[in-house]
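**Q**
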Amino acid sequence: MTDAELIKVQDEEGNDIELELIETIELDGNEYVILAPAGQEEDAYVYKVVDSPEGKKYVAIEDEDEFERVAEEYESYFDEE
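Counting from 99, one number per residue, gives the positions in the sequence shown under my numbering.
#1: Does the Cβ-Cβ distance between L119 and E103 come in under 7 angstroms?
#2: So what's A134 in DSSP terms, helix, strand or just coil?
#3: Given that a residue counts as buried once 16 or more other Cβ atoms are within 10 Å of its Cβ, and exposed if not, what is K106?
#4: Provide the residue span of the beta strand (DSSP E) that contains E116, from first to last.
#5: Does DSSP put D149 in a helix, in a strand, or in coil?
#6: Measuring from the CB of D177, is there a heavy atom of the ligand MG at a distance below 6 angstroms?
#7: Which of the three DSSP states, helix, strand or coil, is assigned to E103?
#8: How far does the alpha helix (DSSP H) with E111 in it reach, from first residue to last?
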């Protein structure tokens, strides 16, 4: 069993939650992460990684087209296997 990397983000109500890092994706000059509750990859979320003075911030993607591009890139990882 490997130790999963946990990343703290805020939910819609502003509560801190820890999610497991599933994948990091570089796309169009931006960095994105796929995060999910531990052991529940089917419930994954996509966040954009934004550098800030306090360090990395994880911002939920609200633009549907941007989300679709990231999701397609993630799915292409499985097509290559």
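Cβ atoms here follow ideal geometry from the backbone N, Cα and C, with glycine treated the same way.
**A** Once the coordinates are examined:
#1: yes
#2: strand
#3: exposed
#4: D114 to L125
#5: strand
#6: For the structure depicted, the ligand MG is absent and the ligand set is empty, with no information on it obtainable.
#7: coil
#8: Note, E111: premise wrong, no alpha helix (DSSP H); not H, not E.
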